[in-house]
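Accompanying notes for the structure given below.
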Amino acid sequence: MRSFTGKLAVVTGGGTGMGRELVAQLAADGCSVATCDVNDANLAVTADNARKVASGDVRVTTHHCDVSDAAQVARFRDEVMAQHETSHINLLFNNAGIHGGGSFVAGPQDEWERTFDVCWGGVYNCSRAFVPLLIASDEGCLVNTSSVNGFWAFIGPGIPHTAYSTAKFAIKGFTEAMLVDFRVNAPHVQVALVMPGHVGTDMMINSRRAHGQSDPEDMTPEEIDKARALIVANAGIPAEHVSDDVVRSMIKGMADGFRDSAPLSAADAATVILDGIRAGTWRILVGEDAHALDTAFRADPLALYAPGSPALASILGIPLDAGN
Numbered sequence: 001m002r003s004f005t006g007k008l009a010v011v012t013g014g015g016t017g018m019g020r021e022l023v024a025q026l027a028a029d030g031c032s033v034a035t036c037d038v039n040d041a042n043l044a045v046t047a048d049n050a051r052k053v054a055s056g057d058v059r060v061t062t063h064h065c066d067v068s069d070a071a072q073v074a075r076f077r078d079e080v081m082a083q084h085e086t087s088h089i090n091l092l093f094n095n096a097g098i099h100g101g102g103s104f105v106a107g108p109q110d111e112w113e114r115t116f117d118v119c120w121g122g123v124y125n126c127s128r129a130f131v132p133l134l135i136a137s138d139e140g141c142l143v144n145t146s147s148v149n150g151f152w153a154f155i156g157p158g159i160p161h162t163a164y165s166t167a168k169f170a171i172k173g174f175t176e177a178m179l180v181d182f183r184v185n186a187p188h189v190q191v192a193l194v195m196p197g198h199v200g201t202d203m204m205i206n207s208r209r210a211h212g213q214s215d216p217e218d219m220t221p222e223e224i225d226k227a228r229a230l231i232v233a234n235a236g237i238p239a240e241h242v243s244d245d246v247v248r249s250m251i252k253g254m255a256d257g258f259r260d261s262a263p264l265s266a267a268d269a270a271t272v273i274l275d276g277i278r279a280g281t282w283r284i285l286v287g288e289d290a291h292a293l294d295t296a297f298r299a300d301p302l303a304l305y306a307p308g309s310p311a312l313a314s315i316l317g318i319p320l321d322a323g324n
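Per full-length UniProt numbering: the sequence shown = residues 1 to 324.
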């Protein structure tokens, strides 16, 4: 798909981050877009940004949808067909995702399942709903966002990352399997597997909201106590040094830092993704860290899970004795 002009794309998780940037860049290339999110205010900003840069006869529509809910996804599909007056789409970007559910052993089950249901369930539900519309087109592409955690189930020493990693492995496997399925049953539909490293987005704060948690400045006493316990356990800071204000500041700092200190912006990540689709690349690594981890994992998969891994320390910029 060398050109997006005159096409119709569906983008999930379009309220912020890579989703918002994909919507804007597609619209600028003359592609109409239907995008969904659970935050209507964020969606309105996305649509306004996209309409300002839209090229040609482009229509941008927004839709409230929790992609983990199959009924909401079905309604989203029906709205897209009605509002764009179409019986097909050309691109489906399964981009929505959240963090959470770090530990299967020690974490709450509901957080684990919520993370998995959004990250993997969203891809499954939206693919079930929209792939028939891709097949109905004369040229289509299914674009699924996995992660470097789709080949490396870890984020650093001593930090379990089970729900997100499990979902991203599932997305990777599903997407690779669809390469063959489409070749046999719908050869005009292509597949792209997106595997980002650290991209600067508001994913951490959005994930808190998705799990029903408050923003840092509005944290309840119970949320503060839980966060303080984690800080004491993981950072080794004495509890008496972790006041309520310190907890709020640390949570906000982590969320802001995830966005602001990333090696790649959401806009640059979206450009890499769209360039990969134009080039016909089915496996799109996003960011130098993604390329480095991919290379290291292929060279010695066991080493990246080993305590004090030199390769891991080099890629993540951490001391060799950090954690376990």
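Every residue, glycine too, gets a C-beta built ideally from N, C-alpha and C.
Contacts around residue i, its chain only, beta-carbon distance under 8 angstroms, and the 5 residues preceding and following it disregarded
| i | result |
| --- | --- |
| Arg114 | Ser68, Ile98, Gly100, Gly101, Ala210 and His211 |
The ligand FAD heavy atom lying under 6 angstroms from the CB of residue i
| i | result |
| --- | --- |
| Val286 | Among the components of this structure there are no ligands whatsoever, and the ligand FAD is therefore not found. |
Inter-residue spacing [alpha-carbon to alpha-carbon] between residue i and residue j
| i | j | result |
| --- | --- | --- |
| Leu320 | Asp275 | Since pLDDT at Leu320 reaches only 35, below the 50 mark, its modelled position is unreliable, and the value read off the structure follows with that caveat. Rounded to whole angstroms, Leu320 to Asp275 spans 36 angstroms at the Cα level. |
| Pro196 | Pro238 | 36 angstroms |
| Thr166 | Thr271 | 27 angstroms |
| Thr86 | Thr295 | 42 angstroms |
| Arg20 | Thr62 | 11 angstroms |
| Phe297 | Ser146 | 16 angstroms |
| Asn324 | Tyr305 | Per-residue confidence for Asn324 stands at a pLDDT of 26, beneath the threshold of 50, marking its modelled position as unreliable; the derived number appears in the next sentence. Roughly 10 angstroms separates the two Cα atoms. |
| Asp289 | Val148 | 9 angstroms |
| Met1 | Ala44 | 28 angstroms |
| Ala299 | Arg259 | 30 angstroms |
| Trp152 | Pro301 | 9 angstroms |
| Arg51 | Val23 | 10 angstroms |
Proximity below 7 angstroms, CB of residue i to CB of residue j
| i | j | result |
| --- | --- | --- |
| Arg128 | Leu193 | no |
| Asn95 | Thr35 | no |
| Asn42 | Thr16 | yes |
| Leu264 | Val189 | no |
| Val58 | Ser32 | yes |
| His84 | Ala136 | no |
| Asn125 | Thr175 | no |
| Thr162 | Phe116 | no |
| Asp244 | Ile224 | yes |
| Met18 | Ala269 | yes |
Beta-carbon proximity list for residue i, same chain, < 7 angstroms, skipping 5 on both sides
| i | result |
| --- | --- |
| Ala28 | Val53, Ala54 and Ser55 |
| Val242 | Arg228, Ile231 and Val232 |
| Cys119 | Gly97, Ile98, Tyr164, Ala167 and Lys168 |
Environment of residue i [buried if 16+ CB atoms lie within 10 Å]
| i | result |
| --- | --- |
| Phe182 | buried |
| Val184 | exposed |
Three-state class that DSSP yields for residue i in the structure shown
| i | result |
| --- | --- |
| Met18 | helix |
| Asn39 | coil |
| Val286 | strand |
| Phe174 | helix |
| Ala279 | coil |
| Phe4 | coil |
| Thr62 | strand |
6 angstroms CB neighbourhood of residue i in its chain, flanking five on each side removed
| i | result |
| --- | --- |
| Gly6 | none |
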